[in-house]
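So the protein lines, in turn, are chains X and V. The first sequence begins at 1 in full-length UniProt numbering and counts up by one. The second sequence begins at 1 in full-length UniProt numbering and counts up by one. All residues carry an ideal CB built from backbone N, CA and C; glycine is no exception. Note sheet for the following structure.
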Amino acid sequence: MEQQWILHLKNISYNYPDGTLALDNLHVKIPKGQRIVFLGPNGSGKSTTFLHMNGVLKPQKGEVYYEGQKLSHKESKDLWRKVGIIFQDADTQLFSTSVYQEISFGPKNLGLSNEEVKKKVVEAMEATDVSKLQHKPVHFLSGGEKKRVSIADILAMDTEIILLDEPTISLDPKHATELMEILEELHKKGKTLIISTHDVNFAYSWGDYFYIMKEGKVLLEGSYQEVFKQQTLLKEANLEVPWILEIYYDLLEKGKIKAPYPPRNKQELLKYL
Amino acid sequence: MYFVDHLAYCSPLRKMNPNQKLIFSIANMVMVLLATGYILPVAVILLMTLITITKGKISVKNFGKILLLPALFLIMGIIPVMVGLEMEAGLKIYLTWEGFYQGIFLAVRALAAIICLYFFILTTPMVDTLQLLKKYRCPALIRELMFLIYRFIMILTEITMKIFLAQRCRGGYNTIRNSRQSLSHLVSSLFLGLYQRSEESQRGLVARGYNGEIDLLPLEYDPSPKVWLFIITTQAALLFLLMI
């Protein structure tokens, strides 16, 4: 099958200054326009992988390709124009004194005119429900508000790829649902979305393509049918099996249902019953 | 600093054009420095205090609190002016009426100038100040240093409060001995935390294309003609006070 890879990390290795090997000959291909999930325990190298995709970290070994083009060191410096990253800890990302100016930082760096920047900032603020906070200094915001501003930061840049490092962790259910709606819209627009998470249940029903990481390597990759079959490998990465699948297999074993395909979400499971 | 910026952020005068505030405050300051008598500095003290408290909605208590810090410097500063020293034939310390009046006059003028400045900083958050500096062509290096220092003071306070809270929750600072230990832990983890934080912050900036200069959308404030009128009238009145 001819698949269009938008981003390709080839044989990447990365050592942190203290000597820990964060990425070990990592090989990752990102299909364009899909929803990709990185699953893996803490310290498995998900965040480091993201920083390589965005060009903040330079691979010590290996190569990065964007749309099939191999990037030189200089070119990978410009990767941020194509790949936006929403950090796990919003404080890492937020720096400015007012929310409005904070969000303008990325688009300004893209070299847009002030009018265009303003338009993007206003749109991003509306999408993330932070318009009311626009004149507030960043350090007066609550954790969830900071998170939403950090999402607006990247939405305003309108990048082809958006990386979200543990996005739902400090959001309340209402804003988590809203984030999912934003992501759905971005997906419809053809953006490539990449999420790292521990939440197997969410990942299972959301993702198109999965990477399971462990100790700086890809342990397992593929579509949901391929990946979640491998229950022993999942266990090896300290991941649970999604509860929907667990129930499905249990029911299948007892002969209570005869559905050939595993259900993706609660609705599908209920339909089978 | 956190406190001052918070007050400025909450003040209704924040919405006033920062440039007008700056001009008003500096014009008053110049008048005070030109003054030769008491009337003008006292008038400025009253005017600026009144505006800051009634229009700027800064409570008298907070205003007094913030004035305490420069007041201490002021007192220390006027003592050498008031007191005379004589070294011939043994050490003599004396106080003359002339020196005393000179000291008081100096103090009143300095206080008036400080209050002018306070009017500005208590109604203008750091963001606006930085933007004004840009408008007046202050070099980018100085502006960005100011901005980073400001931001890091905020982060420093935040991390300190977090560590302090974490320590208190587990019985830190409950005895004198324990306080000393807790404090030493706090300081060391603060430095480590800050170092890590600055690395992370750098990454966060680079991820959105930081290349050495922070370029943001300017905030917009329309100057109000009413305020210009007010500034001109008060300056005319002060000029009149200066003449007499």
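For asparagine 28(V), report the span of its alpha helix (DSSP H) as first-last. Here residue 28(V) refers to the residue found at position 28 when the second sequence is read from its first residue. Start and end: 18-34.
Of all the residues that make up the stretch 201-214 of chain V, which are near chain X by a beta-carbon distance shorter than 8 Å? Ser201, Arg203, Gly204, Leu205, Val206, Ala207, Arg208, Gly209, Tyr210, Asn211 and Ile214
Do you know how far the Cα of valine 122(X) is from the Cα of valine 4(V)? Within the second sequence, residue 4(V) is the residue found at index 4, counting from 1. Within the first sequence, residue 122(X) is the residue found at index 122, counting from 1. For the pair valine 4(V) and valine 122(X), the Cα-to-Cα distance works out to about 29 Å.
Amino acids of chain X, ordered along the chain, whose beta-carbon sits closer than 9 Å to that of leucine 219(V): Position 219 of the second sequence, counted from the first residue, corresponds to residue 219(V). Result: Ser98, Tyr100, Gln101 and His135.
Where leucine 7(X) and histidine 27(X) are concerned, what is the direct C-alpha to C-alpha distance, given to the nearest angstrom? Within the first sequence, numbered from 1, the residue matching residue 7(X) stands at position 7. Within the first sequence, numbered from 1, the residue matching residue 27(X) stands at position 27. Cα to Cα, leucine 7(X) sits roughly 11 Å from histidine 27(X).
Given that arginine 151(V) touches chain X, what residues does it touch there, using C-beta distances under 9 Å? For this step, residue 151(V) is matched to residue 151 along the second sequence. Correct list: Phe95, Ser96, Thr97, Val138 and His139.
When the Cα of lysine 191(X) is compared with those of Tyr261(X), Ser104(X) and Ile36(X), which residue comes out closest? Numbered from 1 along the first sequence, position 191 holds the residue referred to as residue 191(X). That would be Ile36(X), whose Cα lies nearest to the Cα of lysine 191(X).
So, under 8 Å CB-CB, aspartate 158(X) and lysine 120(X) are touching, yes? Tell me the CB distance rounded to an integer number of Å. Along the first sequence, one-based indexing puts residue 158(X) at 158. Along the first sequence, one-based indexing puts residue 120(X) at 120. Contact flag correct, Cβ pair sits at about 7 Å.
Indicate whether at least one CB of chain V lies closer than 8 Å to the CB of residue 296(X). One cannot answer for residue 296(X) here, as it falls past the ends of chain X, which runs 1 to 273.
Does DSSP put threonine 52(V) in a helix, in a strand, or in coil? In the second sequence, the residue the question calls residue 52(V) occupies position 52. In the structure shown, threonine 52(V) sits in a helix (DSSP, three-state: H, G or I).
Whole angstroms are fine: how far does the CA of isoleucine 214(V) sit from the CA of proline 70(V)? The count along the second sequence starts at 1 and reaches residue 70(V) at position 70. The count along the second sequence starts at 1 and reaches residue 214(V) at position 214. So the alpha carbons of these two residues sit roughly 33 Å apart.
So serine 98(X) and lysine 132(X) are supposed to be a Cβ contact under 8 Å. How far apart are they, rounded? As a working note, residue 98(X) is residue 98 in the first sequence. As a working note, residue 132(X) is residue 132 in the first sequence. Wrong, their Cβ atoms sit about 13 Å apart, outside the cutoff.
Under a three-way DSSP split, which group does isoleucine 93(V) fall into? The sequence position of residue 93(V) within the second sequence is 93, counting from 1. Strand at isoleucine 93(V).
As an exercise, report each continuous beta strand (DSSP E) stretch of at least 3 residues that is fully enclosed by the stretch 58-110 of chain X, in chain order. Those beta strand (DSSP E) runs which fall completely within the stretch 58-110 of chain X and span 3+ residues are 61-66 and 83-86.
Check each candidate in Leu85(V), Thr36(V) and Ile23(V) and name the one with the smallest Cα separation from methionine 243(V). Locating residue 243(V) in the second sequence gives position 243, where the first residue counts as 1. The shortest Cα separation from methionine 243(V) among Leu85(V), Thr36(V) and Ile23(V) belongs to Thr36(V).
Counting Cβ pairs closer than 8 Å, one from the stretch 87-98 of chain X and one from the stretch 199-207 of chain V, do we hit at least three? yes
Along chain V, in chain order, which residues have C-beta atoms closer than 7 Å to that of lysine 118(X)? By 1-based counting over the first sequence, the position of residue 118(X) is 118. From the beta-carbon of lysine 118(X), the residues of chain V found nearer than 7 Å are Leu217.
Give a yes or no on whether the C-beta atoms belonging to leucine 190(V) and isoleucine 155(V) are separated by under 8 Å. Here residue 190(V) refers to the residue found at position 190 of the second sequence. Here residue 155(V) refers to the residue found at position 155 of the second sequence. No; because the gap between Cβ atoms is not below 8 Å, this pair is not in contact.
Three-state secondary structure (DSSP) of alanine 176(X): In the first sequence, the residue the question calls residue 176(X) occupies position 176. Correct three-state label for alanine 176(X): helix.
For chain X, find out if any of its Cβ atoms is closer than 8 Å to the Cβ of proline 70(V); answer yes or no. For the purposes of this step, residue 70(V) is identified with residue 70 of the second sequence, where counting begins at 1. Output row for proline 70(V): interface = no.
Between the stretch 9-24 of chain X and chain V, which residues of the former have a C-beta closer than 8 Å to a C-beta of the latter? Against chain V - using a Cβ distance shorter than 8 Å - the stretch 9-24 of chain X contributes no residues.
Compare the C-beta of threonine 49(X) with all C-beta atoms of chain V and state if any pair is closer than 8 Å. Reading the first sequence from its first residue, position 49 is the one you call residue 49(X). It does not: the Cβ of threonine 49(X) has no partner Cβ on chain V nearer than 8 Å.
Going along chain X, which residues have a C-beta under 7 Å from methionine 154(V)? Position 154 of the second sequence, counted from the start, is the residue given in the question as residue 154(V). Chain X residues near methionine 154(V): His139.
Step through the CB atoms of chain V and report whether any lies within less than 8 Å of the CB of aspartate 153(X). As a position in the first sequence, residue 153(X) is number 153, starting the count at 1. Yes, aspartate 153(X) counts as interfacial toward chain V.
Nearest neighbour of isoleucine 86(X), chosen from Gly19(X), Asp18(X), Leu23(X) and Ser170(X) [CA to CA]: As a working note, residue 86(X) is residue 86 in the first sequence. Closest in C-alpha terms to isoleucine 86(X), from the list Gly19(X), Asp18(X), Leu23(X) and Ser170(X), comes Ser170(X).
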